[in-house]
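**Q** After the structure tokens below, expect a handful of questions from me.
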Amino acid sequence: MCHISLVATPQLYAERKINEVPISIENIEQALLVFAIPGMWGSVRIRLKLLPTAGQEVMLGIEHRTVTRLDVAKSEQHIIASNERYNRVRECLAEKAHEFRVICPIVEIVGHFQDGKMSSLETGRTNERLA
């Protein structure tokens, strides 16, 4: 027979559905507004690049789930995990490290202007090049 206990913060379940945050468009808007004056013809190209600090702004919602086996005696002594166990955790995490990415699929924006009025706005995604 097993006993399972689960501890989690309720908001973590709500946040789990979509793992994304909006990017502030204020600076993009300011760059486009420079061209939004009479007599300006042409385009404005803005390239977006995530900074390495974006990967440091990730919140971890840690959920512990324990199983207590009633048929195994539990020691009252403080148990220290072995290096073998720690190394196994590190190995498993290293195998998945390439999957942990903060991604912005839009890498560039091009705004086209005719006499200061925006005629169109294009967004370029990864591996695409806008005209």
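In terms of my numbering, the sequence shown opens at residue 483 and continues consecutively.
Note that CB positions come from ideal geometry on N, CA and C, so glycine has one too.
Predicted, not measured: the structure shown is a model, and the values here were computed from it.
1) So, are the CB atoms of Trp523 and Phe595 less than 8 Å apart?
2) Decide yes or no for the touch test of the region 564 to 578 against the region 521 to 535: beta carbon pairs closer than 8 Å, at least 3 of them.
3) Using only alpha-carbon positions, find the residue among Ile544, Met600, Asp597, Asn609 that is nearest to Ile588.
4) So, is Gly543 buried or exposed, given that buried needs 16 or more other C-beta atoms within 10 angstroms?
5) Only counting runs of 3 or more residues, tell me where the beta strand (DSSP E) segments fall wholly within the region 493 to 567, in order along the chain.
6) What would DSSP say about Val584, mapped onto helix, strand or coil?
7) Here's the rule I'm using: 16 or more other beta-carbon atoms within 10 Å means buried, otherwise exposed. How should Ile585 be labelled?
**A** Well, looking at it:
1) yes
2) no
3) Asn609
4) exposed
5) 524 to 529, 546 to 551
6) coil
7) exposed
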